[in-house]
Every structure is written in C-alpha cells, then in structure tokens.
Amino acid sequence: MIELQPGDIFATRGSGLLDWLSRRLMEPVTDRYHYGIILQEWQEDYLILESISKGLSVGRLSFYKDADIKFYRVNCPQDLRKAAPFELTRWGRSLYDYLLIAKLIIQGLWLLLWHRRRIRPEELTWSQDNALLCSEAVDIAYDAVGVNIIPLHVCPTPSAFKQAELDGRIEEIKEVFNG
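If you read the sequence shown in our numbering, its first letter stands for residue 994, the second for the next number, and so on.
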C-alpha cells in the first residue's frame, strides 16, 4: 500500500475528447488528465481537494478506488507539502474554469496549425483568475506556499505536470514492498 501524506498529488488517467486532444496536441505527452491534492488522512481514507464541474470540492480518495490513478510527491520540505492543501481552501468557492478549457482548445488548435507540431504548455497564453481547472488548483496550492511546481508564467496543464516530473520537481510515489 502506498503511504500518502498531506500535499501529495493524485492524477487519474484521462478519457474522452479532451484526453484525446491533449495526447495529440501537447508535449510532453501524458495520459494523466484529472489532478487533485491530498488534504489529510480520515477514517481509513483520505480527504482530497479537487476542482470538478461544480468548482473546488472536498471529497474522499475512495471515490477513485476503481480509477487508474498515480500519486506524486512534490520535491519540497514536508511542512510546505502539509500546508499547501490548506492554502488551497482560501479558494473555497471558486468555480470550474470552463472558459479556460475553451480558450486552450482554440489556442492549441491555432498554434498546431501555425507551427505544425505539438504545443508546449509555456506557449499557451494564460492568466490566473478566480475560476480553477483541476491542474490549476493543485499548482495554486503550492504557489501559495512558495513552491513552484510549474513556473508562474506557464499554463498548468497536464503536460506541464509531466514536465515537472521530468524536471524532478515532482516524483511518482510507488509501492514499496518490505520483505
């Protein structure tokens, strides 16, 4: 069993049209699509924070028990990892950023036609507002404690999280077997 800590990130495998577009338009390529953050352990489960269609929400990790899920740990001091999800609660009534999804799709297709290659997250125009995508929520939680998983000027897409993994800013947590 994986031992999770507050501030660890979870990412589920994508499906559907947005996943298909993301895997064909973006570089680096990732099959992870939905992101959230571990708040704390609770009654043999974990409380999580995630931005879903209703906005920023608190839920239980067990909701994803049948999902293809990976966990990541941010390369920073444990006290900052523990504080990050609590800082995200400052955004508690934020809506889901549907407008940003539309902007990114249009912008991504335009850049693809213009450059005729996959698009990198740093090429997308993005600005923080009061609505959050799931990946944006996780990134903002860490920005609030002074840890930049994704550089401030880079759009926090799933590909940007993959780049953070490649750069060593986050690391996949894998099961450790004793014996």
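Backbone N, C-alpha and C define an ideal beta-carbon position, used for all residues, glycine too.
Rounded straight-line distance, which links the Cα of Trp1103 to that of Glu1037: Their backbone Cα atoms lie some 47 Å apart in a straight line.
Should the region 1143-1163 be regarded as contacting the region 1010-1024, the criterion being three or more beta carbon pairs within less than 8 Å? yes
Rounded to whole angstroms, what's the CA-CA distance from Leu1126 to Glu1034? Just pull it up for me. 24 Å
Just reading off the beta strand (DSSP E) that Lys1063 is part of, what are its end residues? 1062-1067
Does Pro1078 pass the burial test, meaning 16 or more other C-beta atoms within 10 Å, or should it be called exposed? buried
Is Ala1060 near Thr1005, with beta carbons less than 8 Å apart? Against a cut-off of 8 Å, the Cβ pair of Thr1005 and Ala1060 comes out as a contact.
In terms of DSSP beta bridges, what is Thr1005 paired with? Bridge partners of Thr1005 according to DSSP: His1027, Ile1062.
Measuring CA to CA, which of Thr1150, Gln998, Phe1003 is closest to Arg1113? Comparing Cα-Cα distances from Arg1113 to each of Thr1150, Gln998, Phe1003, the minimum goes to Thr1150.
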